[in-house]
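I have placed the structure first, in the form of structure tokens, so that the comments after it can refer back to it.
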Amino acid sequence: MINMWENIFKFRQKHADDTDKILLNIPVFKNLNHHDLRAIKRILHQREYRTNEVIFNQGDVGLGMYIIMRGEVEIICNPGRHMLAELQDGDFFGELALLDEAPRSATAVAKKPCVLLCFFKPELLDIINRNPKLGGKILFRLAWTIGERLKSTNEKIRELCFQKKNDE
Amino acid sequence: MSDNTNKLFKIALLLIISSAIIVFLVAISNIVKLIIIAALLAYVLDPLASFLESRGMNRTTATISIFLLLIAVVGIAYVLLLPVLSEEISTLKEGFSSEKADLVISRFENFLVSNLSFLGVKELNLLDRMHGITSSIGDWMVTHVLDAASILVSIILIPFIVFFLMKDGRQFKKEFVSIVPNRYFEFSLYLLHKINIQVGNYLRGQVLDATIVGLLATGALWLLGVKYFLIIGVFAGMANIIPYFGPITGATIAVIVSVLQTGDFHLASYVVIAFIIIKLFDDTIILPMVMSKSVHISPLTVLLAIMIGGQLFGILGMLLSIPVAGFIKVIVHESITNYRRYRVV
Chain A
-16 MINMWENIFK FRQKHADDTD KILLNIPVFK NLNHHDLRAI KRILHQREYR TNEVIFNQGD
44 VGLGMYIIMR GEVEIICNPG RHMLAELQDG DFFGELALLD EAPRSATAVA KKPCVLLCFF
104 KPELLDIINR NPKLGGKILF RLAWTIGERL KSTNEKIREL CFQKKNDE
Chain B
1296 MSDNTNKLFK IALLLIISSA IIVFLVAISN IVKLIIIAAL LAYVLDPLAS FLESRGMNRT
1356 TATISIFLLL IAVVGIAYVL LLPVLSEEIS TLKEGFSSEK ADLVISRFEN FLVSNLSFLG
1416 VKELNLLDRM HGITSSIGDW MVTHVLDAAS ILVSIILIPF IVFFLMKDGR QFKKEFVSIV
1476 PNRYFEFSLY LLHKINIQVG NYLRGQVLDA TIVGLLATGA LWLLGVKYFL IIGVFAGMAN
1536 IIPYFGPITG ATIAVIVSVL QTGDFHLASY VVIAFIIIKL FDDTIILPMV MSKSVHISPL
1596 TVLLAIMIGG QLFGILGMLL SIPVAGFIKV IVHESITNYR RYRVV
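If you want it as structure tokens, here you go:
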């Protein structure tokens, strides 16, 4: 009997540890303490998607970011269903929607059965409102992440320009 | 063809389920009313709880603190205002017994009879009718407003529901969203977000506006020495929630009472000036500050919403009709805007 309870608690502990590990690897939540992490976990939505199920379509109103707990997700750009990226456990996408309400720039489809954690703008605004310290940390990390993406994009553009010049 | 049949079947199913829900809600309308009032109160008080949370309290402690504060405010109001209010209601129940009032009514009746005799106006018995109306208002207040059983049920149930909605509201929302299919999940959250911003601002703005107008009207009527200043002031504040008609109704009642009280239009003219100043202050300073980010509803929609609300749920329905109209407007507007993307049906 004791073993059964121990197993149940161990399972819950393991599940909690997995979520913590994945969240701490996401740049937006990096370096958060245990208390902050618990507050974040309380506001995340967990969703399950079947293979080939659309998570969001290009052009939909975007409200927030998705974190892959388990599974694989394809990011496709229309027209032509051009594949932009293939994402796996621990990856995240759609974080720009936390800052603006612009339509989604690509479609996200579950390539395998997926478990996703969703972090949305209303919850971010709520956190900023009632826990400004934690809200500030997340916004700072979000700005850092987007800055990194911008640097990487600039790098790619530079490479493309360089390549074009060489080709000419 | 099969696609069309499938679509029709879905629409029929949606209509049947919606009708069943509406019938069920109408059948338990008394409980629904309590839940709606509690939900609105929780909604209005939510920013206060969030503010206390931002000062380091957890949600439960913040909710308890707000409740303790409210109990203190209600307790003080009970001690200070109840004697005045009960005296006003009991004198109202006895009806107007002022000789001046009787004189004014008789003069007014004579004027009508002499000038409108060509329309067949003969005996109006305005005096008896007026006494009947004022005493029936008093009776209505005693049986409805001060009805001990309903007060007891409301005093116990509403705070109970408000407490849990405030404490666990986010969890309820999360549970609700978790049952939405993946396809509509993000859209439903988007809708809730829009409703929260637009209708939430409207509700909080209206409550703040009604409180300020109610206080100003009560103060002005008290300074002018109008009878029943507290009842009329509170009524004027609450009526202010109903756009267009509310402010006029509040002012009209105050004018009638002041005419009946003094027997001439001297005090009534001051009352009119006071209400005009309050209305100008409200329109130019208070409303732009409290309602800037809320949903805009056209005057025709407001009129229709108030009529439908009043027909279904009486005064409470009239008060709740505008936020409900705002709620429906946001849902319809966002659904139409995103129809092609989400193919809701």
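Just so you know, the sequences run in chain order A and B. Residue numbering for the first sequence follows this note's numbering, starting at -16 and increasing by one per position. Residue numbering for the second sequence follows this note's numbering, starting at 1296 and increasing by one per position. From the three backbone atoms N, C-alpha and C, an ideal C-beta is built for every residue, glycine too.
Rounded Cβ spacing between A:K94 and A:E36 (contact assumed at less than 8 angstroms): That belief does not hold up - the Cβ atoms of A:K94 and A:E36 are roughly 10 angstroms apart, past 8 angstroms.
Residue-level contact to chain B via CB, A:F102, 7 angstroms cutoff: no
Identity of the residues DSSP links to A:A93 by a beta bridge: A:V56
For B:Y1539, the first and last residue of its enclosing beta strand (DSSP E): Element bounds for B:Y1539: n/a, residue is neither H nor E.
B:V1521 in three-state terms, based on DSSP: Under the three-state reduction of DSSP output, B:V1521 falls in the coil class, being neither helix nor strand.
Contact set for A:E69: own chain, Cβ-Cβ below 8 angstroms, skip 5 residues either direction: Taken in chain order, the residues that qualify are E55, V56, E57, I58 and K94.
Positions along the segment 1553 to 1578 of chain B whose CB lies within less than 9 angstroms of some CB in chain A: none
Cut-off 8 angstroms between Cβ atoms - residues of its own chain near A:I26, not counting five sequence neighbours on either side: F102, E106, D109 and I110
Separation of B:G1621 from B:H1591, as counted between CA atoms: 8 angstroms
For A:P10, the three-state DSSP class (helix, strand or coil): Assigned with DSSP and collapsed to three states, A:P10 falls in helix.
Proximal residues of chain B, C-beta to C-beta of A:F39 below 8 angstroms: E1481
Proximity to B:S1593 [Cα-Cα], best of B:L1343, B:A1337, B:Y1539 and B:L1340: B:Y1539
Proximity of B:A1337 and B:V1448 at Cβ, strictly below 7 angstroms: no
Cα-Cα separation between B:A1515 and B:V1566, rounded to whole angstroms: 8 angstroms
Neighbouring residues, chain B, relative to A:L46 (Cβ below 9 angstroms): E1481, F1482, L1484, Y1485 and H1488
Counted within 10 angstroms of its Cβ, other Cβ atoms place B:V1640 as buried (16 or more) or exposed: Bear in mind that the predicted position of B:V1640 carries a pLDDT of just 37, short of 50, making it too unreliable to give a figure here.
Partners in chain A for B:V1369, counting only beta-carbon separations shorter than 7 angstroms: Residues of chain A with a Cβ closer than 7 angstroms to the Cβ of B:V1369 do not exist; the shortest Cβ-Cβ separation is about 26 angstroms.
Amino acids of chain A, ordered along the chain, whose beta-carbon sits closer than 8 angstroms to that of B:S1349: N112, R113, N114 and P115
Distance CB(B:S1553)-CB(B:V1521) smaller than 7 angstroms: yes
Endpoints, the alpha helix (DSSP H) within which B:M1613 is located: If you look at B:M1613, you'll find it in the alpha helix (DSSP H) that goes P1594 to T1632.
Test: A:P96 CB closer than 7 angstroms to a CB of chain B: no
Inter-residue spacing [alpha-carbon to alpha-carbon] between B:I1490 and B:L1308: 26 angstroms
Buried versus exposed, by CB contacts within 10 Å (16 or more), B:A1322: exposed
Residue range of the unbroken beta strand (DSSP E) whose run includes B:A1344: B:A1344 -> not in any beta strand (DSSP E); alpha helix (DSSP H) instead, spanning S1324 to S1349.
Rounded C-alpha distance that separates A:R53 from B:S1313: Straight-line measurement puts the Cα of B:S1313 at about 37 angstroms from the Cα of A:R53.
Proximal residues to A:T2 (C-beta, below 8 angstroms), its chain only, five neighbours per side dropped: Same-chain partners within the cutoff: K24, M52 and L100.
Length of the line joining the Cα atoms of A:M(-16) and A:D0: With a pLDDT of 49 at A:M(-16), under the threshold of 50, the predicted position of this residue should be treated as unreliable, though the coordinate-derived value follows. Distance between the alpha carbons of A:M(-16) and A:D0: 24 angstroms.
Segment limits, beta strand (DSSP E) that includes B:V1566: First-last for B:V1566: H1561 to F1576, but that is the alpha helix (DSSP H), not the beta strand (DSSP E).
Residue range of the alpha helix (DSSP H) that includes A:Q41: No alpha helix (DSSP H) contains A:Q41, which DSSP labels as neither H nor E.
The segment 1497 to 1517 of chain B touching the segment 1571 to 1582 of chain B, judged by at least three CB pairs closer than 8 angstroms: yes
Three-state secondary structure assigned by DSSP to A:L100: strand
Contact list for the segment 1494 to 1508 of chain B against chain A, Cβ threshold 9 angstroms: none
Cα-Cα separation, A:L81 to A:K147: Take the alpha-carbon of A:L81 and the one of A:K147: they are about 35 angstroms apart.
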